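> Per mature numbering (1 follows the signal peptide of the UniProt record, and there is no 0): the sequence shown = residues -22 to -1, 1 to 381. The beta-carbon is built from N, C-alpha and C at its ideal position, and this holds for glycine as well. From a predicted model like this one, the values you see are computed outputs, not experimental measurements.
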Amino acid sequence: MKFKYKRAIAFLVILFLIKSNPQSHVYLTHNGSFPSLSKMKAHPENDDGEDRAVMTNGKKHLLILAATRTGSSFVGEFFNQQRDNMSYLYEPLWYVERMLTVDGRINVTATDMVYPDVLRELFLCNFSLLENFIQPRPVDHIMKRFFRRHVSSSLCEESVCSPPIRRDSKTPNCGTRDCGPLNLTMASELCLQKKHRVIKVVRVYHFHILQPLAEDPSLDIKFLQLVRDPRAIIASRMEAFGRYENLKKWGNGEDVPLDENDLKKVKTTCETVRRSAELGLSQPPWLHRRYMLVRYEDIARFPMKKAAEMYQFSGIPFTPEMKSWILNSTSKETWGSYSTQKRSFEHVDKWRFTLPFKVVQVIQRICLPTIKFFGYKIVTSEEMLRNKFVSLIVDKDSSISWT
């Protein structure tokens, strides 16, 4: 109980720090909007990105939004592999959510308040605000371990790779290097040297809270939302995390009741993703030319084509080196739940041969609006489910208006 109160006090202190930081939040009003851009908001047709590009010195900022097990790690690598020109952060909000979770429940009201500020500072290469959420708090800005550091190429570069305190394994812990504690001040300085910045997150539950980022004159930000067939998402979560155990047992014919909490989680996942996409596709002024929706299945089937589209949208140059990496990484298989190298076209339908048909029916009943909205076909029989020659993907042009 004492620990709960400590977290509540810590959260209030952090909110005070956020709202009282004159450098980071000079633009914020009481409702989180940016008054200096009121004229631009009233005339979104004038916001063609040219003025913003000048103000940010040509630096591009991209936020990849997804739910867990949608293939976002794989897609994030499409940008992380830029290396020399890129600062890429993998799930930095993990620390924030961890602090604002009590008894297994995330305080979404609190995360909604904090996420925009943390993301803004990270896009501006200021890691100091994030430090408030890291437990134990870094001493002199030095972290013994940074969450999945090895996934971010820029955090494994030689200039931020201190000697390891001790070797825990024969395998390098940071890409091809074996690095010790991470100095966040040095990481910030390296970030500032990078031309472009990309952050991948699966912990933003309400898209509208990101409006202040789009209206911030110090950022030239785009939002890339990645979606996936909900049936595939649930199947992947079962495999990777061991979740929905009762649902899986029930689907395999065991005499267990359906867990209502599991069903609520499935429904929440579907509704959250769909509502974010509905907002993005409605193109409110703050998202004018700043939102793109892409299906994982389309990327997996046509990786080079979709990569070119994503790069064009982001404004980041699509280099020959990146094209070569994508070609190599989507034509071979590396095993593992978080693998970023796979024969992507074969991976699309994997769930169809592992998920019990009864479970598929339950997901379809709960997530029918979402499945149809994103252009996936409903399965009407187990024979249809297992038939690899029957595609469950509808041509996107005939389903919804994509950006």
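Alpha carbon to alpha carbon, how far is Leu71 from Val96?
Residue numbering aside, residue 71 sits at position 93 when the sequence shown is read from its first letter. Residue numbering aside, residue 96 sits at position 118 when the sequence shown is read from its first letter. Their backbone Cα atoms lie some 8 Å apart in a straight line.
> Let's see if you can read the secondary structure: which residues bound the beta strand (DSSP E) around residue 420?
The question about residue 420 has no answer, for the chain in this structure spans -22 to 381.
> Looking only at C-alpha atoms, which of Lys284, Val372, Val80 sits nearest to Leu202?
Numbered from 1 along the sequence shown, position 224 holds the residue referred to as residue 202. Selected option, being the one with the closest Cα: Lys284.
> For the alpha helix (DSSP H) that Ser65 lies in, which residues bound it at each end?
Along the sequence shown, read from residue 1 onward, the residue named residue 65 stands at position 87. No alpha helix (DSSP H) holds Ser65; the beta strand (DSSP E) holding it covers 64 to 68.
> Quick one: is Lys366 buried, meaning 16 or more other Cβ sit within 10 Å of its Cβ, or exposed?
Taking the sequence shown and counting its residues from 1, the one referred to as residue 366 is at position 388. By the neighbour-count rule (16 or more Cβ atoms within 10 Å), Lys366 is not buried but exposed.
> Please go through the region 237 to 264 and give each complete alpha helix (DSSP H) segment of 4 or more residues, from N-terminal end onward.
As far as the region 237 to 264 is concerned, its whole alpha helix (DSSP H) runs of at least 4 residues are 238 to 259.
> Between Leu197, Pro150, Val176, which lies nearest to Val53 when the distance is taken from Cα to Cα?
Numbered from 1 along the sequence shown, position 75 holds the residue referred to as residue 53. Ranking the options by Cα distance to Val53, first place goes to Val176.
> So Phe101 and Ile199 are supposed to be a Cβ contact under 8 Å. How far apart are they, rounded?
Position 123 of the sequence shown, counting from 1, holds the residue named residue 101. Position 221 of the sequence shown, counting from 1, holds the residue named residue 199. Phe101 to Ile199, Cβ: 7 Å. Contact.
> Check each candidate in Val357, Leu160, Arg98, Cys152 and name the one with the smallest Cα separation from Leu191.
On the sequence shown, position 213 is the one that residue 191 refers to. Taking only the C-alpha atoms, the option nearest Leu191 is Arg98.
> From Leu188 to Arg215, what does the alpha carbon distance come to, in whole angstroms?
Translated into the one-based positions of the sequence shown, residue 188 becomes position 210. Translated into the one-based positions of the sequence shown, residue 215 becomes position 237. In a straight line, the C-alpha of Leu188 is about 26 Å away from that of Arg215.
> Look at Val129 and Cys157 and say whether their C-beta atoms are less than 9 Å apart.
Here residue 129 corresponds to residue number 151 of the sequence shown, with the count starting at 1. Here residue 157 corresponds to residue number 179 of the sequence shown, with the count starting at 1. Taking 9 Å as the Cβ cut-off, Val129 and Cys157 do not qualify as a contacting pair.
> On a Cα-Cα basis, can you pick out the residue from Phe124, Lys245, Ala286, Ile120 that is closest to Lys301?
Looking up residue 301 in the sequence shown gives position 323. When each option's Cα is compared against that of Lys301, the closest is Ala286.
> Need the endpoints of the beta strand (DSSP E) that Tyr274 sits in, please.
For the purposes of this step, residue 274 is identified with residue 296 of the sequence shown, where counting begins at 1. Careful: Tyr274 lies outside any beta strand (DSSP E), inside the alpha helix (DSSP H) at 274 to 279.
> Applying the 10 Å Cβ sphere with the 16-neighbour rule, what's the burial state of His21?
By 1-based counting over the sequence shown, the position of residue 21 is 43. In this predicted model, His21 has a pLDDT of only 37, less than 50, meaning its place in the structure is not dependable; the value taken from the coordinates is given anyway. So His21 ends up on the exposed side.
> Once DSSP output is grouped into helix, strand and coil, what is the label at Asn58?
Numbered from 1 along the sequence shown, position 80 holds the residue referred to as residue 58. Of the three classes helix, strand and coil, the one that applies to Asn58 here is helix, per DSSP.
> Quick check on Glu361: buried or exposed, where buried means 16 or more other Cβ atoms within 10 Å of its Cβ?
As a position in the sequence shown, residue 361 is number 383, starting the count at 1. It is exposed - the Cβ of Glu361 has fewer than 16 other Cβ atoms within 10 Å.
> How would you label Lys336, buried or exposed, when you count the other beta carbons within 10 angstroms and need 16 or more for buried?
Translated into the one-based positions of the sequence shown, residue 336 becomes position 358. Its Cβ having fewer than 16 others within 10 Å, Lys336 is exposed.
> Quick one: Cα of His266 to Cα of Gln113, how far?
Counting from one through the sequence shown, the residue named residue 266 turns up at place 288. Counting from one through the sequence shown, the residue named residue 113 turns up at place 135. For His266 and Gln113, the distance between alpha carbons rounds to 38 Å.
> Grab the span of the alpha helix (DSSP H) containing Leu162 for me, first residue to last.
As a first step, residue 162 is located in the sequence shown; it is residue number 184 there, counting from the start. Counting along the chain, the alpha helix (DSSP H) containing Leu162 begins and ends at 162 to 171.
> How about the region 339 to 357 and the region 249 to 257: do they share at least three Cβ pairs that are nearer than 8 Å?
Touching, yes, given that three or more Cβ pairs across the two stretches are closer than 8 Å.
> Around the C-beta of Ile143, are 16 or more other C-beta atoms found within 10 angstroms, so that it is buried, or is it exposed?
Start at 1 with the first residue of the sequence shown, and residue 143 comes out as number 165. With fewer than 16 Cβ atoms within 10 Å of its Cβ, Ile143 is classed as exposed.
> Once you ignore the five residues that flank Leu107 on each side, which residues in its own chain have a CB closer than 6 Å to its CB?
Walking along the sequence shown from the start, residue 107 turns up at place 129. The residues are Val96, Glu99.
> Starting from Leu271, follow its DSSP beta bridges and name the residues at the other end.
For the purposes of this step, residue 271 is taken as the residue at position 293 of the sequence shown. Answer is Gln203, bridged to Leu271.
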